[in-house]
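Residue numbers for the sequence shown follow the numbering used here, beginning at 24 and rising by one. Every residue gets a Cβ at the ideal spot worked out from N, C-alpha and C, and that includes glycine. Data first, discussion second: the structure below is written as structure tokens.
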Amino acid sequence: MDELQRRRRDAILQGLDVTGRRGAEIGPLSRPLVAKGESEVYYVDHCSAEQLREKYHGDPNVPPDDIVDVDFIWSDQPAKELLRSVCPLDYVVASHVIEHVPDLVGWLHEMRETLRDGGSLVLAVPDKRFTFDAYRRTSAMEEIRLAYKERRRRPGLRPIMDHFANVVRADTWALWDDYAKLDEFPFFHDPSFLSLAARHYAEGRYVDVHCWVFTPWSFFDVLGQAVKETGLGFDLESFQTTSSHDLEFYVRLARVARSTTDWEREAVLARAGALWPEALGRAAELMEPRSAQLAARANELGELKAQLAEARQRAESAEARSAQLESRVAALEGSTSWQVTAPIRAVVRTWRGETRGRTVANRSRA
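In structure tokens, the structure reads:
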């Protein structure tokens with residue numbers, strides 16, 4: 024491990040001491056973050072080391088001789104079932120994995136089930152602003168919910184189409200220097216890839232893409248919703264935002280019985296603390312294309328809420344006044360004087376009816 028890798032490793036682990044502890048690293052490929060000699064670590068991947076060497080043959084970024092042996096091959100079974108011989112774990116490390124999993128919330132629950140109480144889930148997550156996902160929208164909770172409801176074990180059609188339609192050949196360093204250069208980057212795939220990907224999906228093939236797209240703050244928004252809606256038992260242990268001229272942020276979660284982290288606050292803090300290129304204009308334009316519209320909608324919503332509160336107050340006052348009048352009428356009708364004068368009121372009603380009848384008849388003759 025060279026010095027650059029060591030610094031990245033330390034940043035990802037954020038002070039987590041794995042010495043002598045039992046854990047798993049998912050997808051270490053040729054650059055594991057935790058070495059076999061320093062911890063009882065088990066390497067997990069979707070296929071064997073031999074198959075990985077064949078898959079990455081000719082890729083200059085993945086030296087085949089550096090690909091580590093895989094201890095557990097993960098296919099469709101739940102993670103706890105796969106790792107039952109070594110569970111519970113003290114930690115799980117996953118670098119650039121979470122964006123690939125078809126069912127985000129289901130995967131987080133599975134990771135939690137492999138950990139002991141207080142165990143750590145360590146994540147390195149790509150920041151869409153500085154990757155080939157820059158033009159893609161951040162993942163919507165509706166799609167995440169649907170994936171969880173369907174218990175997906177392969178990517179959904181929507182993220183597949185979004186990926187092949189919108190990823191670009193991004194240069195992270197250039198984006199940090201001048202985000203306007205994003206306009207110069209070509210799209211990664213020819214339009215014909217869309218029909219090819221759709222056909223592969225229809226045939227039931229596994230189409231590997233970034234299923235989920237995040238900024239640091241959108242990631243915390245999603246975690247907060249997952250906690251609220253599914254009872255996901257994780258608290259935030261530590262967080263490091265995307266550094267200048269980098270493309271990833273780091274999150275460490277701790278398994279708990281019930282989450283007490285204020286995820287909305289963490290999302291706000293992550294947004295406020297996010298680093299941006301100095302030439303912010305183009306980045307802000309891309310990240311917040313609807314900010315003015317949303318602000319106007321927010322103001323309109325505030326006014327409507329105020330009007331609704333006022334209308335409710337008037338309705339409650341009217342209802343209270345109506346109840347008072349009904350009470351007074353009931354009391355009056357039940358009184359002795361009301362009962363005594365009943366014959367007189369009957370005569371008056373009869374006289375009024377006769378008078379009204381004569382008036383109508385006279386008008387008819389006229």
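Specify, as a first and last residue, the run of the alpha helix (DSSP H) that Y224 falls within. Bounds of the alpha helix (DSSP H) holding Y224 are S215 to A225.
In whole angstroms, what is the alpha-carbon distance linking G54 and S241? The sequence shown places Arg at residue 54, rather than the Gly named in the question. Note on geometry: alpha-carbon atoms of R54 and S241 lie some 28 Å from one another.
Is the stretch 235-253 in contact with the stretch 120-133, if contact means three or more CB pairs nearer than 8 Å? Yes: at least three Cβ pairs fall under 8 Å.
Hey, E289 and L259: beta-carbon distance below 9 Å or not? Annotated as proximal: E289 and L259, with beta-carbon spacing under 9 Å.
Unbroken beta strand (DSSP E) run spanning S261, endpoints: That run of the beta strand (DSSP E) goes F257 to Q263.
Counting Cβ pairs, one atom from each stretch, are 3 or more of them under 8 Å apart for the stretch 214-221 and the stretch 179-199? A contact between stretches requires three or more CB pairs, one per stretch, nearer than 8 Å, and the stretch 214-221 meets this requirement with the stretch 179-199.
Using the three-state DSSP reduction, which class does D244 fall into: helix, strand or coil? Reduced to three states, the DSSP call for D244 is helix.
In chain order, what residues of the same chain lie with their CB nearer than 7 Å to the CB of E287, ignoring the 5 residues before and after it? Result list for E287: G247, in chain order.
Whole-angstrom distance between F211 and A193, CA atom to CA atom: Each residue's CA atom was taken as its position, placing A193 and F211 some 9 Å apart.
Note down the Cα distance separating E44 from L205, rounded to an integer number of angstroms. With the sequence shown as reference, residue 44 is identified as Arg, and Glu is not the correct amino acid for it. Taken atom to atom, the span from the alpha-carbon of R44 to that of L205 is near 43 Å.
Label R275 either buried or exposed according to how many other C-beta atoms from any shown protein chain fall within 10 Å of its C-beta, with 16 as the threshold for buried. The Cβ neighbour count for R275, taken over all protein chains shown within 10 Å, is at least 16; the residue is labelled buried.
When the Cβ atoms of the stretch 105-117 are set against those of the stretch 138-154, are three or more pairs found closer than 8 Å? Yes, the stretch 105-117 touches the stretch 138-154.
Just verifying my parser: in three-state terms, what is the DSSP assignment at G141? The answer is strand: DSSP assigns G141 an E or B state.
Out of E136, F237, T154 and T161, point me to the one whose CA is closest to V279's CA. Between V279 and the set E136, F237, T154 and T161, the nearest pair of CA atoms involves E136.
Where L56 sits in the DSSP three-state scheme: Correct three-state label for L56: coil.
Assuming H80 and D231 make a contact with CB atoms under 8 Å, what is their CB distance in whole Å? So it is not a contact: roughly 17 Å between Cβ atoms.
Local conformation of Y65 per DSSP, three classes: Strand.
Is it right to say E48 is buried, meaning 16 or more other beta carbons lie within 10 angstroms of its own, or is it exposed? Buried: at least 16 other Cβ atoms inside 10 Å.
Flag this pair as yes or no: are the beta carbons of I96 and D68 separated by less than 9 Å? Inclusion of I96 and D68 in the CB contact set at 9 Å is warranted, their separation being smaller than that value.
So S293 packs on P239, CB below 8 Å; how close in whole Å? Here residue 293 is Ala; the residue named in the question, Ser, does not match the sequence. Between A293 and P239, the beta carbon gap of about 4 Å places them in contact (Cβ cut-off 8 Å).
Burial state of Y229, where buried means 16 or more other Cβ atoms lie within 10 Å: Counting Cβ neighbours within 10 Å, Y229 comes out exposed, since fewer than 16 surround it.
Quick one: grab the DSSP three-state call for I35. Note: I35 maps to helix in three-state DSSP.
Go through its chain and collect everything with a Cβ distance to H223's Cβ below 7 Å, but skip five positions before and after it. V230, listed in sequence order.
Using the beta-carbon count (16 or more within 10 Å), is D40 buried or exposed? It is exposed - the Cβ of D40 has fewer than 16 other Cβ atoms within 10 Å.
Assign T42 to one of three DSSP states: helix, strand, or coil. Three-state DSSP puts T42 in coil, outside helix and strand.
Exposed or buried, G60, counting other C-beta atoms within 10 Å across all chains shown (16 or more means buried)? Counting Cβ neighbours within 10 Å, G60 comes out exposed, since fewer than 16 surround it.
Under 8 Å by Cβ, that's how I've got P101 and A170 pegged, so tell me the actual separation to the nearest angstrom. That pair is no contact at about 16 Å.
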